[in-house]
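Protein chains: 2
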Amino acid sequence: MSAEKAPAPSIRARVRAEMTEEIKRVALKHLAQDGSALSLRAVARDMGMVSSAIYRYFPSRDELLTALIIDGYTSLGDAMEDADGNAERRDAHLARWFAVGHTIRKWALAHPAEYALIYGSPIPGYHAPMDTVPPAARTLAALGRCVADAEAAGKLRDSDATPPPTENAEYAAELRSAAVVLGFAEDSRAIEPFLSAATHVYGAVNFEVFGRLNNAIDQRSEWFDRQLRQLATMIGLTPRP
Amino acid sequence: MSAEKAPAPSIRARVRAEMTEEIKRVALKHLAQDGSALSLRAVARDMGMVSSAIYRYFPSRDELLTALIIDGYTSLGDAMEDADGNAERRDAHLARWFAVGHTIRKWALAHPAEYALIYGSPIPGYHAPMDTVPPAARTLAALGRCVADAEAAGKLRDSDATPPPTENAEYAAELRSAAVVLGFAEDSRAIEPFLSAATHVYGAVNFEVFGRLNNAIDQRSEWFDRQLRQLATMIGLTPRP
DNA sequence: CTCTGTCAAGAGCAGTGCTCTCGCTTGTGT
DNA sequence: ACACAAGCGAGAGCACTGCTCTTGACAGAG
Chain A
7 MSAEKAPAPS IRARVRAEMT EEIKRVALKH LAQDGSALSL RAVARDMGMV
57 SSAIYRYFPS RDELLTALII DGYTSLGDAM EDADGNAERR DAHLARWFAV
107 GHTIRKWALA HPAEYALIYG SPIPGYHAPM DTVPPAARTL AALGRCVADA
157 EAAGKLRDSD ATPPPTENAE YAAELRSAAV VLGFAEDSRA IEPFLSAATH
207 VYGAVNFEVF GRLNNAIDQR SEWFDRQLRQ LATMIGLTPR P
Chain R
7 MSAEKAPAPS IRARVRAEMT EEIKRVALKH LAQDGSALSL RAVARDMGMV
57 SSAIYRYFPS RDELLTALII DGYTSLGDAM EDADGNAERR DAHLARWFAV
107 GHTIRKWALA HPAEYALIYG SPIPGYHAPM DTVPPAARTL AALGRCVADA
157 EAAGKLRDSD ATPPPTENAE YAAELRSAAV VLGFAEDSRA IEPFLSAATH
207 VYGAVNFEVF GRLNNAIDQR SEWFDRQLRQ LATMIGLTPR P
């Protein structure tokens with residue numbers, strides 16, 4: 007018998023953790039099929055449990071949703087950081103932009119229910135707790151890093167489309183604050199174009215995942231890629247044409 | 007007694023139409039409060055009816071949703087066309103762009119539930135029928151008209167951000183087809199920048215309405231206005247800086 | 001070998017979309 | 001002027017939902 011006792015993982019705790027994971031797994035499966043109409047009873051039935059047993063693991067449907075939301079952000083964040091690659095390609099800013107951008111779209115198409123959960127319309131009675139903020143911020147930061155690194159390396163043209171500096175001091179302060187959070191320099195000139203570009207990227211993914219491109223654009227990879235390219239130009243990631 | 011009899015509005019039909027409108031009105035109120043979790047029973051209760059009575063007017067919850075969706079698109083479309091103004095300002099393309107753009111945002115903020123209904127995540131079991139397509143297309147066309155008119159009048163710079171003409175023939179055909187539907191010339195060079203811009207506009211409104219700007223950007227009117235301005239530059243609506 | 005904390009199960013509450021049947025009202029054709 | 005039928009609201013009922021509470025079993029710790 008090994009004499010481990012310090013962290014005392016406790017068989018009970020281990021089993022409990024496994025059950026929790028299993029519930030999330032099945033819930034995710036249901037979410038993928040039925041959309042945001044997630045039913046605890048259906049999950050329980052699928053696991054051969056009685057519905058009330060689930061409440062031993064998640065005190066409410068909202069807590070389950072929160073867990074799934076955090077998992078979703080984490081999964082997307084992981085995918086984006088993976089796509090961003092390691093330090094060796096740190097200077098390939100444009101390639102990183104495309105890689106990370108396409109990863110958002112691909113992840114969303116592969117996990118439409120989770121995508122709707124985290125970037126779709128808010129769920130009626132549900133209010134996201136603060137725990138979801140850091141994983142959410144990580145995804146935006148992953149995209150931002152490509153631009154921030156380029157700017158820090160002096161590889162960024164000035165954006166031609168950005169309007170002149172704002173005269174609204176509060177807005178300027180908010181931009182500076184966002185810059186710091188996302189790893190840009192506090193006085194970055196790229197932060198506003200980047201936030202614009204991110205808004206656009208998520209808008210495009212929304213359109214595609216939520217079916218707004220049906221009967222209009224079928225060449226969706228091309229459509230998305232060209233928008234990424236246009237945004238790269240707008241931000242200043244590409245040399246002036 | 008007036009001798010009108012040709013269309014025979016039929017008292018019953020009139021009352022029925024009024025009831026239908028009343029149900030939609032109450033449903034909209036509930037939608038605004040509880041989000042997409044619309045309950046027929048609650049609507050009926052609010053009207054002092056029994057739930058089954060509603061089925062005399064809408065054969066299913068989906069049909070009610072369809073009616074609300076069509077009303078939503080129509081309301082937004084009306085607001086946008088109103089903002090676009092009449093023929094007298096037909097040449098004020100940039101002003102029209104801002105007016106129509108801001109109208110989308112204002113309408114969405116004033117009707118968040120209806121906005122979520124038509125531009126948010128799809129409702130789980132619901133499939134939108136074809137009737138919703140024309141009202142939906144009208145909103146996009148209303149925004150597009152500002153750009154199409156500018157292009158037709160030769161008042162549009164070439165967009166600098168747009169990537170070079172695509173080599174994907176199918177994608178090019180889809181662009182031409184979209185151009186025709188939205189009132190652009192078939193060989194319009196502005197259609198792709200415009201579609202990009204529209205994607206961006208709806209992305210920005212999504213972010214704000216769905217709370218993705220919370221704790222980040224409070225100066226939202228400024229934020230949105232600057233993005234509209236940037237997009238105008240990208241499309242070529244403003245003179246080169 | 002108890003004791004105690006954890007668990008699944010089941011019944012139950014209030015709510016949901018939807019169906020069906022029952023009478024009542026009311027507009028309408030003869 | 002009257003009888004007919006269509007349209008209507010009410011109510012019961014089915015299968016479902018999230019959630020609560022109680023009960024009884026079991027397993028780890030002392």
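Top to bottom, those sequences are chains A and R. Under this note's numbering, residue 247 is the last one in the first sequence; the count climbs by one each step, no gaps. Under this note's numbering, residue 247 is the last one in the second sequence; the count climbs by one each step, no gaps. By construction, the Cβ of each residue, glycine as well, lies at the ideal position given by its N, Cα and C atoms. As the structure is a prediction and not an experimental result, all values here were calculated from the model.
With respect to the alpha helix (DSSP H) encompassing residue i, which residues constitute its N-terminal and C-terminal limits?
i, result
"residue 196 of chain R", "Unbroken run through residue 196 of chain R: none, as it is neither H nor E."
"residue 244 of chain A", "Taken as a continuous stretch (DSSP letters only), residue 244 of chain A belongs to no alpha helix (DSSP H), as it is neither H nor E."
"residue 250 of chain A", "With chain A covering 7 to 247 only, the question about residue 250 of chain A has no answer from this structure."
"residue 64 of chain R", "Premise fails: residue 64 of chain R is in no alpha helix (DSSP H) and is neither H nor E."
"residue 136 of chain A", "It is not in any alpha helix (DSSP H) - residue 136 of chain A carries neither H nor E in the DSSP assignment."
"residue 106 of chain A", "99–116"
"residue 173 of chain R", "Taken as a continuous stretch (DSSP letters only), residue 173 of chain R belongs to no alpha helix (DSSP H), as it is neither H nor E."
"residue 52 of chain R", "46–52"
Out of the options, which has the shortest C-alpha to C-alpha gap to residue i?
i, options, result
"residue 228 of chain A", "R:241, R:177 and R:36", "R:177"
"residue 245 of chain R", "R:216, R:193, R:215 and R:165", "R:165"
"residue 83 of chain A", "A:95, A:96, A:106 and A:65", "A:106"
"residue 96 of chain R", "R:209, R:85 and R:153", "R:153"
"residue 171 of chain R", "A:62, A:41, A:232 and A:156", "A:232"
"residue 118 of chain A", "A:135, A:37, A:98 and A:240", "A:37"
"residue 212 of chain A", "A:135, A:230, A:198 and A:190", "A:230"
"residue 173 of chain A", "R:225, R:127 and R:168", "R:225"
"residue 193 of chain R", "R:160, R:199, R:182 and R:222", "R:182"
"residue 215 of chain R", "A:221, A:21, A:127 and A:158", "A:127"
"residue 135 of chain R", "A:235, A:20 and A:220", "A:220"
"residue 222 of chain A", "R:20, R:186, R:39 and R:34", "R:186"
"residue 110 of chain R", "R:149, R:98 and R:130", "R:149"
To which residues of the same chain is residue i closer than 8 Å at the C-beta, ignoring the five residues directly before and after it?
i, result
"residue 137 of chain R", "72 and 76"
"residue 79 of chain A", "124, 138, 141, 142, 144 and 145"
"residue 179 of chain A", "none"
"residue 206 of chain R", "233 and 237"
"residue 41 of chain A", "119 and 122"
"residue 81 of chain A", "113, 117 and 120"
"residue 28 of chain R", "53"
Just checking: is the beta-carbon of residue i within a distance shorter than 8 Å of some beta-carbon in chain A?
i, result
"residue 169 of chain R", "yes"
"residue 242 of chain R", "no"
"residue 127 of chain R", "yes"
"residue 117 of chain R", "no"
"residue 64 of chain R", "no"
"residue 67 of chain R", "no"
"residue 239 of chain R", "yes"
"residue 103 of chain R", "no"
"residue 232 of chain R", "yes"
"residue 206 of chain R", "yes"
"residue 202 of chain R", "yes"
Shorter than 8 Å from the beta carbon of residue i to some beta carbon of chain R?
i, result
"residue 224 of chain A", "yes"
"residue 120 of chain A", "no"
"residue 130 of chain A", "yes"
"residue 182 of chain A", "no"
"residue 113 of chain A", "no"
"residue 235 of chain A", "yes"
"residue 245 of chain A", "no"
"residue 192 of chain A", "no"
"residue 249 of chain A", "Chain A is shown from 7 up to 247; residue 249 of chain A falls before or after that span and cannot be answered."
Looking only at its chain, what residues have a beta carbon closer than 6 Å to the beta carbon of residue i, apart from the 5 residues adjacent to it on each side?
i, result
"residue 68 of chain A", "132"
"residue 8 of chain R", "Because residue 8 of chain R sits at a pLDDT of 38, beneath the cut-off of 50, its placement in the model cannot be relied upon, and the point is left open."
"residue 53 of chain R", "32"
"residue 64 of chain A", "70"
"residue 26 of chain A", "63"
"residue 190 of chain R", "154 and 197"
"residue 167 of chain A", "240"
For residue i, collect the residues of the same chain with a Cβ closer than 7 Å to its Cβ; drop the 5 residues on either side in sequence, then sort them by chain order.
i, result
"residue 201 of chain A", "184"
"residue 238 of chain A", "100, 103 and 244"
"residue 57 of chain R", "46, 47 and 50"
"residue 151 of chain R", "90 and 189"
"residue 147 of chain A", "188 and 189"
With a threshold of 7 Å (Cβ to nearest heavy atom), would residue i be considered close to the ligand GDP?
i, result
"residue 232 of chain A", "This structure lacks the ligand GDP, and indeed carries no ligand of any kind."
message = Tell me which residues of the segment 30–47 of chain A have at least one Cβ-Cβ distance to chain R shorter than 8 Å, keeping chain order.
response = For the segment 30–47 of chain A, which is checked against every Cβ of chain R, the residues closer than 8 Å are 40, 41, 42 and 43.
key: Near-chain R residues of the segment 208–220 of chain A - C-beta to any C-beta below 8 Å   = Contacts with chain R (Cβ-Cβ distance below 8 Å) from the segment 208–220 of chain A involve 208, 209, 210, 212, 213, 216, 217 and 218, listed in chain order.
inquiry  = Output needed in chain order: residues of the segment 154–178 of chain A with a Cβ under 7 Å from some Cβ in chain R.
reply    = Hits within the stretch, in order: 166, 167, 168, 169, 172, 174, 176 and 177.
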